[in-house]
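Letter 89 of the sequence shown, counting from 1, is numbered 107 in our numbering, and no numbers are missing.
All residues carry an ideal CB built from backbone N, CA and C; glycine is no exception.
Note that the structure is predicted; figures quoted are calculated from it, not measured.
Take a look at the structure below.
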Amino acid sequence: MDISLQNAIITELHNLIDYSCESHNEESVDYGSLHRALIKKYFEAESVVIDRGQHKVLLEICTDKEINEISCRDVDVDFNNFNQFLKSCIDEKHASMRFYRNMLRYYHVVEPISA
């Protein structure tokens, strides 16, 4: 994937985050699922609970301590500005671009883009 396409995906994802953090009472789109997916991918979390009122995100993160034993921990992450927090969760590596491109398609931001 070339750099200009990668930059376009990141720019559109930033625009989608901006839009999704605004109040849209008339729409039935669940932007909470977008927010959880971005955070879940970035932190490699099993689950994500967002408490915007308390400015916190609760993550369940599991790691392999030993073979056949999985250890899970709850982790609180504080944020001041939810919009900026979400943007900081964008991984600009090539491997993440397909995931982000699919998100943009799901939310009808871009036409399908060939790989």
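Inset, instruction - Flag this pair as yes or no: are the beta carbons of Tyr-118 and Ile-21 separated by less than 9 Å? - result: Taking 9 Å as the Cβ cut-off, Tyr-118 and Ile-21 do not qualify as a contacting pair.
Inset, instruction - Give every residue of the same chain whose Cβ lies closer than 6 Å to the Cβ of Glu-40, excluding the five residues on either side of it in the sequence, and list them in chain order. - result: Excluding the 5 residues flanking it on each side, Glu-40 has no same chain C-beta neighbour closer than 6 Å.
Inset, instruction - Can you say whether His-112 is buried or exposed, counting buried as having 16 or more other CB atoms within 10 angstroms of its CB? - result: In summary, His-112 is exposed, with fewer than 16 beta-carbon neighbours lying within 10 Å of its beta-carbon over all protein chains present.
Legend entry - DSSP three-state assignment for Ser-41, whether helix, strand or coil: Coil at Ser-41, not helix or strand.
Inset, instruction - Apply the 10 Å Cβ neighbour rule to His-53 and answer buried if 16 or more other Cβ atoms are within range, or exposed otherwise. - result: Looking at its Cβ environment, which holds 16 or more other Cβ atoms inside 10 Å, His-53 is buried.
Legend entry - Rounded C-alpha distance that separates Thr-81 from Arg-91: Going from the Cα of Thr-81 to the Cα of Arg-91 covers about 8 Å.
Legend entry - Residue range of the unbroken beta strand (DSSP E) whose run includes Ile-68: For Ile-68, the enclosing beta strand (DSSP E) begins and ends at 65–69.
Legend entry - Start and end residues, alpha helix (DSSP H) containing His-53: First-last of the alpha helix (DSSP H) with His-53: 49–61.
Inset, instruction - Return the CA-CA distance between Leu-34 and Glu-78, expressed in angstroms with no decimal places. - result: Roughly 25 Å separates the two Cα atoms.
Legend entry - Ser-38 versus Tyr-49: straight-line alpha-carbon distance, rounded: C-alpha separation (whole angstroms): 6 Å.
Inset, instruction - Determine the contact status of Met-115 and Gln-24, defining contact as a CB-CB distance below 9 Å. - result: With respect to the 9 Å criterion, Met-115 and Gln-24 are classified as neighbours on the basis of their beta carbons.
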